[in-house]
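Per the numbering used here, the sequence shown starts with residue 14, numbered consecutively.
Quick notes on the structure that follows.
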Amino acid sequence: MWKSLSKHFGKYPSQAKVAKLLLVNGLKVKEGRVYCGEIEVADMAIGRAAGVDRRIVRSAIDTIEGSTELKGVYSQLEPFALLTNVAPAMGWTSLEIIPTDARIPGIIAEVTAVIAREGLSVRQAVVSDPDLSPNPRLFVITEGAVPPELIPAIRSCKGVGSLVIH
14 MWKSLSKHFG KYPSQAKVAK LLLVNGLKVK EGRVYCGEIE VADMAIGRAA
64 GVDRRIVRSA IDTIEGSTEL KGVYSQLEPF ALLTNVAPAM GWTSLEIIPT
114 DARIPGIIAE VTAVIAREGL SVRQAVVSDP DLSPNPRLFV ITEGAVPPEL
164 IPAIRSCKGV GSLVIH
């Protein structure tokens, strides 16, 4: 996805940095403003996060709003609450699966099937996009503890390179 969007910022690497930050964080661009859900985010705050001047942020927003393709994507983004760090406080288990190749189909299906056979409920399953993340991961949050005897079965699933339990 990023590859097709980044072509719009070819001559402007600083704008591309802003655009990627917006995309990765699910920040919506609507009517010249940036939103996290319904909360407006200041250009200066985005600039600090991206390591660029607020004027670059404004230029990136103008570029996004000036392109039908970019506007179609950025106007629909939504932020997402990843429960990985919350899981232990809730008594849940957070599994971080590092794939051998994130483009292999069926990794989620196999891992969640193993978990379901154990009778555990999956609270959340999130995959980081291989085009947006240099180290894509699958995060699976289960309601309750994952029994130790289940770990080898998860590790042996297709596409699973390694497993980290949080």
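The C-beta atom is built at its ideal place from N, Cα and C for all residues, glycine as well.
### Task
Provide the residue span of the beta strand (DSSP E) that contains Val-65, from first to last.
Residue numbering aside, residue 65 sits at position 52 when the sequence shown is read from its first letter. Segment: none, Val-65 is in no beta strand (DSSP E) and carries neither H nor E.
### Message
Measuring only the C-alpha atoms, how far is Val-173 from Glu-44?
### Response
The residue given as residue 173 occupies position 160 in the sequence shown. The residue given as residue 44 occupies position 31 in the sequence shown. Going from the Cα of Val-173 to the Cα of Glu-44 covers about 42 Å.
### Query
The alpha helix (DSSP H) spanning Arg-168 covers which residue range?
On the sequence shown, residue 168 is found 155 positions in, with the first residue counted as 1. Element bounds for Arg-168: 164 to 168.
### Query
Would a check of beta-carbon distances place Arg-68 closer than 9 Å to chain D?
Going by chain labels, chain D is absent from the structure shown, which holds only one protein chain.
### Query
Candidates Val-86, Val-177, Met-103, Lys-20: which alpha carbon is nearest Ile-110's?
As a working note, residue 110 is residue 97 in the sequence shown. Among Val-86, Val-177, Met-103, Lys-20, the Cα nearest to that of Ile-110 belongs to Val-177.
### Query
Taking all protein chains shown into account, do 16 or more other C-beta atoms lie within 10 angstroms of the C-beta of Gln-89, making it buried, or fewer, making it exposed?
On the sequence shown, position 76 is the one that residue 89 refers to. The residue in question, Gln-89, is exposed, as its Cβ has fewer than 16 Cβ neighbours within 10 Å.
### Task
Compute the beta-carbon to beta-carbon distance between Leu-95 and Trp-15, rounded to the nearest angstrom, for a pair I have assumed lies under 8 Å.
As a working note, residue 95 is residue 82 in the sequence shown. As a working note, residue 15 is residue 2 in the sequence shown. About 19 Å; that fails the 8 Å criterion.
### Task
Assuming Leu-34 contacts Ile-74 (C-beta within less than 8 Å), just tell me the rounded distance between them.
Working through the sequence shown from its first residue, we reach residue 34 at position 21. Working through the sequence shown from its first residue, we reach residue 74 at position 61. That belief does not hold up - the Cβ atoms of Leu-34 and Ile-74 are roughly 12 Å apart, past 8 Å.
### Task
Please classify Cys-81: is it buried, with 16 or more other beta-carbons within 10 angstroms of its beta-carbon, or exposed?
Against the sequence shown, residue 81 aligns to sequence position 68. First, the amino acid is wrong: residue 81 is Thr here, not Cys. The residue in question, Thr-81, is exposed, as its Cβ has fewer than 16 Cβ neighbours within 10 Å.
### Message
Given this structure, state the Cα-to-Cα distance separating Val-127 from Pro-143, to the nearest angstrom.
### Response
Against the sequence shown, residue 127 aligns to sequence position 114. Against the sequence shown, residue 143 aligns to sequence position 130. Distance between the alpha carbons of Val-127 and Pro-143 is about 24 Å.
### Query
Under a Cβ-count criterion, where at least 16 other Cβ atoms within 10 Å of its own Cβ denotes burial, should Ile-154 be classed as buried or exposed?
In the sequence shown, the residue the question calls residue 154 occupies position 141. With 16 or more Cβ atoms within 10 Å of its Cβ, Ile-154 is classed as buried.
### Message
Just to confirm before moving on: does the CB-CB distance between Leu-40 and Cys-49 stay below 9 Å?
### Response
If you number the sequence shown from 1, residue 40 lands on position 27. If you number the sequence shown from 1, residue 49 lands on position 36. For Leu-40 and Cys-49, yes; Cβs fall inside 9 Å.
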